[in-house]
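Notes to accompany the following structure.
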Amino acid sequence: MSNSAVIQLQHREAFERNVTRALAAGAGAGVLAFLAQRLQLQVPLSFLALVATSLACVRGDRFDRMLLIALSVLLPAMPWLFGFSAGWTVALAGAAAGALMVKARLAERGEEGSVGADRPGPLHYAVTAAATGGLAVAGTEVAKILSTRLTDLSTPAVLNFALSGVVIALFAGIGSLASHVALKADPVEAACEDLLPMLSGEFAAQITRALSLYRQAGTQLAALPRDAAREELARTLQKLTKDAAELAGEWAGVEAQVHENAHADLQKEIVELQQSAKAARDAVARQQLEAAARSLTEELGRLGELRLKRERVLARLKSQVALLERARVALIGMRSTHATVRAAEMAAVARKLNALALSQGDEAKLAHEVATSAELGALEAQASEAALKSAIEKQQDQQPVSPISASKESIAPASDGSIKN
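Each residue of the sequence shown is one higher than the one before, counting from 0 in numbering that gives the first Met the number 0.
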């Protein structure tokens, strides 16, 4: 796999749509500037064209649109209030318009609703603002040159203004290209992709499947209208996938230690140590080999416990993937239903998936605690047995003298017929 970065243009159709609408908006801004001039109002054409370009890209729900419309008028106007030079004024106004176009792109898809998709990050705000500011200055200069040439050709003033507005809007619209290039990956998808190289075996297969389902569900979700139910279901899908990744991440690095041959290899080593101990002629060497065999026997027991815990974690991971599959299938059937019914279905699916995930998590946690308690009880019983056996062996090694035999010996007659006291 190549590690070189690949620069791609994401959502090209959205970029082309925004530029096309910006051209129409720029022409309208030019006509508005012509009317303002006829009314003896000094309104800069570059300001109107930048505002029109930003307004042409406004997206999102009702609140987002209202907010973006207000900001598209206020922010580009701010530089004209501070008395900067003409170039800096246009550049700062263009930068404000560029940042608003990135925000409009986020509002269109929804920050939380962008499941399995790419989204702009802070870097794209900065790059788009800089690119739009620079291009706005260049577009203004090109518009001035074009206006001079059109005036020489006796072009009608309204057409001259309209074409000049189109040029400025075109340059500013192209500046939004930076928000579509090398976008920041979805955080949940990025976490799964970073985790996959550290996994192996069934855990890697399950996370690969979960990532594929997450992307498919994101594609289905993006085709639905944006509303509160879609946002809720998007958050549920993100949580399910994130929990699955965290669950598998806790097992990263351990899977290789509990492979099928690990138990057999350890058992073989124990047998070899026991045979070496029996064949040893030196008592100290025999004791050391026997101690090593006992230590490996304990490790063999711990390996068995680890394999049982692995089965529990894997079963819970499979249940999370099954919930993602269930969500994907449910989303496929929602696209043909009515908007009101679809919103209710999405909300119901989100609540049901949350309830199932919570129920499965509680059941797995309870089962793990019960199994762990049973394992601890078994270990305590084995330890008590071993302690009792050791105590019995010590008592047998001491071999105490019986008090009855000692008393008989004390009263036995001596050789001279006297009694020993």
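Note that beta-carbon positions come from the ideal geometry of N, C-alpha and C, so glycine has one too.
For L236 and R11, the rounded distance between their alpha carbons: Locating residue 11 in the sequence shown gives position 12, counting from the first residue. Locating residue 236 in the sequence shown gives position 237, counting from the first residue. Cα-Cα distance, rounded: 26 Å.
Opening and closing residue of the alpha helix (DSSP H) in which Q237 lies: Position 238 of the sequence shown holds residue 237. 227-248 is the span of the alpha helix (DSSP H), which, as asked, contains Q237.
Proximal residues to E15 (C-beta, below 7 Å), its chain only, five neighbours per side dropped: Within the sequence shown, residue 15 is the residue found at index 16, counting from 1. Cβ within range, chain order: n/a, list empty.
Other residues of its chain near I68: CB distance less than 7 Å, five sequence neighbours each side excluded: On the sequence shown, residue 68 is found 69 positions in, with the first residue counted as 1. Same-chain partners within the cutoff: L54, V57.
Own chain residues within Cβ distance below 7 Å of S178, not counting five before or after: Along the sequence shown, read from residue 1 onward, the residue named residue 178 stands at position 179. Correct list, in chain order: M100, V101, R104, P119, H123, T127.
Simplified DSSP assignment, three categories, for V320: What you label residue 320 is simply residue 321 of the sequence shown in a count that begins at 1. DSSP, read as helix, strand or coil, puts V320 in helix.
Delimiting residues of the alpha helix (DSSP H) encompassing M65: In the sequence shown, counting from the first residue as 1, residue 65 sits at position 66. Run containing M65: 61-76, per the alpha helix (DSSP H) assignment.
Spatially closest choice to L169 from A203, T147, L158, T131, by CA coordinates: As a first step, residue 169 is located in the sequence shown; it is residue number 170 there, counting from the start. When only C-alpha atoms are compared, the closest one is T131.
Nearest-angstrom Cβ-Cβ length linking E245 and L210, presumed shorter than 8 Å: If you number the sequence shown from 1, residue 245 lands on position 246. If you number the sequence shown from 1, residue 210 lands on position 211. Incorrect: roughly 14 Å between the Cβ atoms, too far for contact.
Proximity to L158 [Cα-Cα], best of V30, V72, E230: Position 159 of the sequence shown, counted from the start, is the residue given in the question as residue 158. Among V30, V72, E230, the Cα nearest to that of L158 is on V30.
Nearest candidate by alpha-carbon position, reference L194, set L323, D242, L80: Counted from its first residue, the sequence shown places residue 194 at position 195. Comparing Cα positions, the closest option is D242.
Neighbour-count burial assignment, F202, 16 or more Cβ in a 10 Å radius: Against the sequence shown, residue 202 aligns to sequence position 203. Buried: at least 16 other Cβ atoms inside 10 Å.
Residue burial classification, F160 (beta-carbon count within 10 angstroms, cutoff 16): The residue labelled residue 160 in the question sits at position 161 within the sequence shown. Classification for F160: buried.
Which listed residue (A21, A329, A106, L330) has its alpha carbon closest to that of I173: What you label residue 173 is simply residue 174 of the sequence shown in a count that begins at 1. I173 has its Cα closest to that of A21, out of A21, A329, A106, L330.
Three-state secondary structure (DSSP) of Q215: What you label residue 215 is simply residue 216 of the sequence shown in a count that begins at 1. Of the three classes helix, strand and coil, the one that applies to Q215 here is helix, per DSSP.
Rounded C-alpha distance that separates S423 from T147: Since the first and last residues shown for the chain are 0 and 420, residue 423 lies out of range.
Separation of Y213 from P224, as counted between CA atoms: Position 225 of the sequence shown holds residue 224. Position 214 of the sequence shown holds residue 213. Within the model, the alpha-carbon separation for P224 versus Y213 is close to 18 Å.
Nearest-angstrom Cα separation, counted from A228 out to G217: On the sequence shown, position 218 is the one that residue 217 refers to. On the sequence shown, position 229 is the one that residue 228 refers to. So the alpha carbons of these two residues sit roughly 14 Å apart.
Enclosing alpha helix (DSSP H) for R148 [first to last residue]: Numbered from its first residue, the sequence shown carries residue 148 at position 149. Annotation for R148: the continuous alpha helix (DSSP H) segment containing it runs 121-151.
Length of the line joining the Cα atoms of A171 and L49: In the sequence shown, the residue the question calls residue 171 occupies position 172. In the sequence shown, the residue the question calls residue 49 occupies position 50. When rounded, the distance between both Cα atoms is 7 Å.
Cα-Cα separation between D185 and L220, rounded to whole angstroms: Within the sequence shown, numbered from 1, the residue matching residue 185 stands at position 186. Within the sequence shown, numbered from 1, the residue matching residue 220 stands at position 221. Rounded to the nearest angstrom, the two C-alpha atoms are 14 Å apart.
Whole-angstrom distance between Q287 and A276, CA atom to CA atom: Residue 276 sits at position 277 when you count from the first residue of the sequence shown. Residue 287 sits at position 288 when you count from the first residue of the sequence shown. So the two alpha carbons sit approximately 8 Å from each other.
CA-to-CA distance, A35 to S71, given in whole angstroms: For the purposes of this step, residue 71 is taken as residue 72 along the sequence shown, with counting starting at 1. For the purposes of this step, residue 35 is taken as residue 36 along the sequence shown, with counting starting at 1. Using only the alpha carbons, I get a separation of about 19 Å.
Span of the alpha helix (DSSP H), counted from its first residue to its last, around G82: Along the sequence shown, one-based indexing puts residue 82 at 83. Segment: none, G82 is in no alpha helix (DSSP H) and carries neither H nor E.
Alpha-carbon spacing of Q205 relative to E231, whole angstroms: Working through the sequence shown from its first residue, we reach residue 205 at position 206. Working through the sequence shown from its first residue, we reach residue 231 at position 232. Approximately 25 Å between the Cα atoms of the pair.
CA-to-CA distance, L91 to A85, given in whole angstroms: Locating residue 85 in the sequence shown gives position 86, counting from the first residue. Locating residue 91 in the sequence shown gives position 92, counting from the first residue. Here the alpha carbon of A85 sits roughly 10 Å from the alpha carbon of L91.
Q274 to T296 span [Cα, whole Å]: As a position in the sequence shown, residue 274 is number 275, starting the count at 1. As a position in the sequence shown, residue 296 is number 297, starting the count at 1. Distance between the alpha carbons of Q274 and T296: 14 Å.
Top-ranked residue by Cα proximity to V165, from A290, A284, G27: Here residue 165 corresponds to residue number 166 of the sequence shown, with the count starting at 1. Here the closest residue by C-alpha is G27.
Rounded straight-line distance, which links the Cα of V89 to that of P78: Along the sequence shown, one-based indexing puts residue 78 at 79. Along the sequence shown, one-based indexing puts residue 89 at 90. Distance between the alpha carbons of P78 and V89: 8 Å.
CA-to-CA distance, V283 to L272, given in whole angstroms: Sequence index remark: in the sequence shown, residue 272 carries index 273 (1-based). Sequence index remark: in the sequence shown, residue 283 carries index 284 (1-based). Roughly 14 Å separates the two Cα atoms.
Residue interval of the alpha helix (DSSP H) (run including V423): Lying before the first or after the last residue shown, residue 423 is absent from the chain, which here runs from 0 to 420.
Beta carbon of A142 nearer than 8 Å to that of S163: Position 143 of the sequence shown, counted from the first residue, corresponds to residue 142. Position 164 of the sequence shown, counted from the first residue, corresponds to residue 163. In this structure, A142 places its C-beta atom within 8 Å of the C-beta atom of S163.
Beta-carbon separation (whole angstroms), R325 vs Q215, contact threshold 8 Å: By 1-based counting over the sequence shown, the position of residue 325 is 326. By 1-based counting over the sequence shown, the position of residue 215 is 216. About 12 Å separates the two Cβ atoms, so there is no contact after all.
Own chain, CB closer than 6 Å to N47, minus 5 neighbours either side, in chain order: Numbered from its first residue, the sequence shown carries residue 47 at position 48. A small correction: the amino acid at residue 47 is Leu; Asn does not occupy that position in the sequence shown. Here the set comprises A28, L31, A32.
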